[in-house]
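Accompanying notes for the structure given below.
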Amino acid sequence: MSHSVELHDIGMTFGTTRAVGGVSFTVESGEFFSILGPSGCGKTTILRMIAGFLNPTEGRIVIGGRDMAGLGPDQRPTAMIFQSLALFPLMPVWENIAFGLEARGPQRPSGASGPTNC
Ligand SMILES: Nc1ncnc2c1ncn2[C@@H]1O[C@H](COP(=O)(O)OP(=O)(O)OP(=O)(O)O)[C@@H](O)[C@H]1O
Ligand SMILES: [Mg+2]
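Note that numbering that gives the first Met the number 0 has the sequence shown beginning at 0, numbered continuously upward.
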């Protein structure tokens, strides 16, 4: 099953602040995708909308062919590592990333212990 992530003309306005506007892209299953831009351009807001922590004020988010409107973070096939204050300080980077994925059920392939250099 494809788990492509599609953003269709997504926008987010906080009061009078237009944090994100007119963002559309598709991330195919298995693709590595980065969002780059200056501080305050809306990167975290986009991620929070994909993960379901914010509801877009405009546009649609479709994951695996399913419209995510109205679905909370626990109902989406997503995991998010927050920018700050929400990492497990005693875990290395790999374990912080793996934690959310493993909590959802899929186990690591046998023998996989993660990168040794991070
Ligand atoms: N909850 C909020 N209420 C009001 N304004 C917000 C809120 N969250 C973000 N903003 C504003 O939306 C804009 C985009 O913020 P965002 O955090 O998405 O930027 P960013 O690209 O992740 O920045 P950085 O690189 O500094 O992490 C900024 O102007 C920010 O002040
Ligand atoms: Mg940010």
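By construction, the Cβ of each residue, glycine as well, lies at the ideal position given by its N, Cα and C atoms. This structure is a prediction, so every number in the text was calculated from the model and none was measured.
| Check | Outcome |
| --- | --- |
| By the 10 Å Cβ neighbour count, where 16 or more other Cβ atoms means buried, how is valine 19 classified, buried or exposed? | buried |
| In this structure, how does DSSP classify phenylalanine 57 when only helix, strand and coil are distinguished? | As written in the sequence, residue 57 is glutamate, which differs from the phenylalanine given in the question. Of the three classes helix, strand and coil, the one that applies to glutamate 57 here is strand, per DSSP. |
| With a threshold of 16 other CB atoms inside 10 Å of the CB of glutamine 12, please say whether the residue is buried or exposed. | Note on identity: in this sequence residue 12 is threonine, with glutamine being the wrong assignment. Threonine 12 is exposed by the Cβ-count criterion. |
| Isoleucine 80 by DSSP, collapsed to three states: which one? | coil |
| For proline 37, count neighbouring Cβ atoms within 10 angstroms of its own Cβ and tell me buried if that reaches 16, exposed if not. | exposed |
| From the DSSP output, in three-state form, read off arginine 47 for me. | helix |
| Looking only at C-alpha atoms, which of Gly71, Gly69, Ile49 sits nearest to isoleucine 62? | Ile49 |
| Using the rule of at least 16 other Cβ atoms within 10 Å of the residue's Cβ for burial, across every protein chain shown, is arginine 103 buried or exposed? | exposed |
| Can you tell me which of Gly29, Phe98, Thr44, Glu27 puts its alpha carbon nearest to the alpha carbon of leucine 35? | Thr44 |
| Beta carbon of threonine 16: closer than 7 Å to some heavy atom of ligand 1? | yes |
| Could you give the distance in angstroms between the alpha-carbon of glycine 14 and the alpha-carbon of asparagine 54? | 14 Å |
| Taking all protein chains shown into account, decide if glutamate 92 is buried (16 or more other Cβ within 10 angstroms of its Cβ) or exposed. | The residue you asked about is not glutamate; residue 92 is valine in the sequence shown. Its Cβ having fewer than 16 others within 10 Å, valine 92 is exposed. |
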